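Remarks on the structure that follows.
Numbering (the numbering used here), first residue to last: 1 to 1161.
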């Protein structure tokens, strides 16, 4: 547990007290205290999760992790006299038996001696050794006597070594079967064909049992020459001279062939003489060059990728590795490998065999044990430590897979070109730098002096062989235009199922037929293709001064706009149906780009989400590489100048972004030159700047041939905006400066001006001098786009928000609570509207929070972009509340209360956001307030108009007309009543979680699937929580049919597994087929109906039950729930009573809410 908490970086809370709260504490002190509290919460939770149910009930109320740890230490590590006596008694009374391995019992005794040190007790080592020898089992009597009569004193380590040797010899005696013995010991190098055998150097004899009981001299066979009568070590034959001698490493053997789980045997020896008793589980897993797996059956480390080795010696004697599935693979060499765990610790493996044909990189568990490493395997976790120091961990995935540092792994693979001895030739280096283009093109570029001369490597690029396997090409069209922009080829495709950065899923290419110069644009949707063509057309026509004559595409509908092509005079050629051969230029370009992208991603080790950036880079490189038909590069034909490629580096290699620390008046920085990159890759990167000072030769630090710092000076704001714009093209701007630099700046300015006008009309602040001792608060502009039901932009909004998080309680704010209308209330009022045929109107309070009047004295700096000239040093003294203030919601609701109640409205005590006003004739109005959105229900239009007029006279209101959408819920009024649904919201979350094209399913859950706590690999917890949250909003608003499924799945958000994610996807599939489902209130029956039930012990892991209830009014559901019961019930009836009690509470609240609405009187 201590190792696990150390890996989580929360173990410090067990020894560090919580930072005390002080008045006027700084932001840094607040952050430190919050960080400690969060770490304490995590640490305490993991300790409790590791307890049994009985211990959990005892310690669950302990407040802090330190207190919990101290209690456990006091209970289980008590240092009282009785504990010491018990420990000493256990050691002295211990008896070894023959039924258990001696080494196992020896380790238990060592553990007891280790506990002596914890209690500050020390036993002389000679006494410990003598005590252990005395309690050896009866069958070890002769061995015991030999040890007792030794002249020199033994240490505990030496004693263990003697035990290990003796145990190995005894085990080999038991392995004798019939006339032929299979030798599996790590110190044996022969196979005997007789009834007795020898081990070691022939100094000790032992006899195996035989049918005749004879003790004949053993017949030995040399493994080297195959002749009888001598051992391999004594062989004088010259055969097999390629034997490799290595130093003893972690394998504990001088020859990697001397292993038991896997055998290394000479290739010329008969394989039939060797057998493996266990089948290695590594044979059943898929190929993987990167990961390392722990194999309990292997007795040597094996690696399949040469790039892992720090030092390497080839083996040329034809040795083979024989595995448990009777398969063999040749051993190509031996060396050492360094692994770096995610914990930051490293593990050096020596005598690692290089076997390219094996499926996985394997680590021998036996070798690690022999080297003093402790391995703990707990269900789905693997923890490796040595001498009490945590090394690393792994997780179960068929076998235990080590958790290695991915960046180190990628760096090891990607930077192989700069490894020892310069293993990567110049041809391979430039092949990788140019995005894995063909070697013939590289040779042409070398002749053109674009890249240095090189010698072709005889071996083919393995990355290209894996990623460029294709079918035979289509028939080629020999017709070729000779003038620029005479003919442009284009195609749209989706290269990858994973969205790239910016959530872009599609790629559109434009290729000039004469020069083969290519433009690439990334798109969110297919319908953006025509807009990208318009951008391309405008740029290239201005650059070359000629018009595009013909556009050649397939028959995809993304370019279908005959009116546009007729108006521009462009001939739009399309292919025949189902004949991509006719669009061969684009298809071949797509294939080339895709191959380069796959190769670049595979070689760099980056995730699939970077395919968009790889695509832009591939296009950039391909424009600078000669093609088969042209002797010049497309760049030279397009720009009329030779490209320079000296600045190129391998895509995905390491780079550093360094900011200068020297202050300058212009506030300049040094930053990576790719900060200003855009989706179009036709802009050349800057040439390296000339040094401003030289003279003295300085030896620069070398980071390898493919590591470079791109430095460029410019305005900090300018570079920051360009950088953010690249990655947030479709997101709302985060700052005022970004909004002014965005493409829709005109709309943003209009929204900002509307906000300032509202503030000034409400007299929100007055300019004044800042009193001594006061600190003004800052403000920030927030920008949003309000969307319509169909997903289009309704309007641009800007909001000035004060930084209320800097307020201090008791000084500039006191109470902050403000009530909020329940969504159940809204559904109930809609049902009443259907029953009584009420008029429903919707209004919006503009800048609602600006109406609240402040009682505290608060100062704010003048907002960005609106600093009054001549009064730059003055601040804003707030008269009314502003968005961001902690008391702003309370002050607004209090103001609304005062205004509405002054007009004769009555406040509903069940929901304090509902106001009603009725006369004696039964005519009246109901107002439901949700922050700044109002729903007005009236018995007739005249009553509603009077209320609208009254509210507009008090606040700046916006009339939204008949209620259409409230809180993302569509309200549809028809002849059958009122229907509410969320089809647009469901479509939005389906797109968000890539379930738009999933196949619909008829039920939200599979009754045959039993969900249990995850004990395997955890899926992305954040993504799972987002999915549950998205489903929950639909469930709470209009979809009671998924209440049980969402409630069940939400119980596993702390540790979701693959089965939980699949169950969540099933709910999405159910919503896909029932997207248009909703709740309809027909108005009948006009009584409140309620139903309650319980499912007894639905959770086997904690024996809890599930309560469910639903209430109906006007023919539709207005309230429902599916909740896990908080107590354990003994029977079905008891669980149903618990559910009934919870439903009764809801029924009482509904009754009180309806009772105060005069419609029922």
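Glycine residues also receive a C-beta, built at the ideal position from the N, C-alpha and C atoms.
Keep in mind that this is a model prediction, so the values were computed, not measured.
Cβ neighbours of residue 889 within its own chain (closer than 6 angstroms, five residues either side excluded): 818.
In this structure, DSSP gives residue 963 a state outside helix and strand, which the three-state scheme calls coil.
Closest in alpha carbon position to residue 113, among 101, 449, 100 and 129, is 129. Less than 8 angstroms separates the beta-carbon of residue 511 from that of residue 489.
Less than 8 angstroms divides the Cβ of residue 849 from the Cβ of residue 882. Listed as beta-bridge partners of residue 311 by DSSP are 336. Each residue's CA atom was taken as its position, placing residue 1134 and residue 1142 some 13 angstroms apart. Out of 126, 141, 124 and 102, the CA that lies nearest to the CA of residue 161 is found in 102.
Residue range 389–397 is occupied by the beta strand (DSSP E) that includes residue 397.
Restricting attention to 333, 801, 427 and 329, the CA atom closest to the CA of residue 307 is found in 333. Here DSSP, grouped into helix, strand and coil, assigns residue 1021 to helix. Using a Cβ distance threshold of 8 angstroms, residue 1139 and residue 1111 do not count as a contacting pair.
In the same chain as residue 1156, and ignoring 5 residues on each side of it, the C-beta atoms closer than 6 angstroms to its own belong to 908, in chain order.
Judged by beta-carbon spacing, residue 615 lies within the 8 angstroms limit of residue 495, meaning their Cβ atoms are closer than that value. When rounded, the separation of the alpha-carbon atoms in residue 309 and residue 607 is 24 angstroms. For residue 1020 and residue 1033, the gap between their C-alpha atoms comes out near 21 angstroms. Annotated three-state conformation of residue 121 is coil, per DSSP.
Following the DSSP letters along the chain, one finds residue 1121 inside the beta strand (DSSP E) bounded by residues 1116–1124.
Taking 4 residues as the minimum length, the alpha helix (DSSP H) runs contained wholly in the region 532–589 are 562–568, in order along the chain.
Inter-residue distance for residue 793 and residue 503 is about 19 angstroms (C-alpha atoms, whole angstroms). Each of 861, 351, 622 and 341 was checked against the Cα of residue 315, and the nearest Cα belongs to 351. By the Cβ test, the region 965–972 is not in contact with the region 1065–1074, since fewer than three Cβ pairs between them sit closer than 8 angstroms.
With a 10 Å radius around the Cβ and a threshold of 16 neighbouring Cβ atoms, residue 824 comes out buried. Under DSSP, the beta-bridge partners assigned to residue 860 are 777 and 876. Per DSSP, reduced to three states, the secondary structure at residue 43 is helical. For residue 1098, the enclosing beta strand (DSSP E) starts and ends at 1089–1099. A distance below 6 angstroms between beta-carbons, with the five flanking residues on each side excluded, links residue 1092 to the following residues of its chain, in chain order: 1109, 1139, 1140 and 1143. Distance between residue 592 and residue 465, taken at the CA atoms: about 14 angstroms. Per DSSP, the unbroken beta strand (DSSP E) holding residue 375 starts and ends at 373–378. Spanning the alpha carbons of residue 6 and residue 39 requires a straight line of approximately 11 angstroms. Taking 8 angstroms as the cut-off, the beta carbon of residue 622 is found no closer than this to the beta carbon of residue 451. Unbroken alpha helix (DSSP H) runs of no fewer than 4 residues, entirely contained in the region 1022–1072, are found at 1043–1049, following chain order. Comparing C-alpha distances from residue 31 to each of 1008, 518, 1085 and 805 shows the shortest one belongs to 805. Residue 57 and residue 46 have their alpha carbons spaced roughly 15 angstroms apart. If you draw a straight line from the Cα of residue 638 to the Cα of residue 484, it comes to about 8 angstroms. Secondary structure note for residue 842: it is in no alpha helix (DSSP H), and the uninterrupted beta strand (DSSP E) holding it is 839–845.
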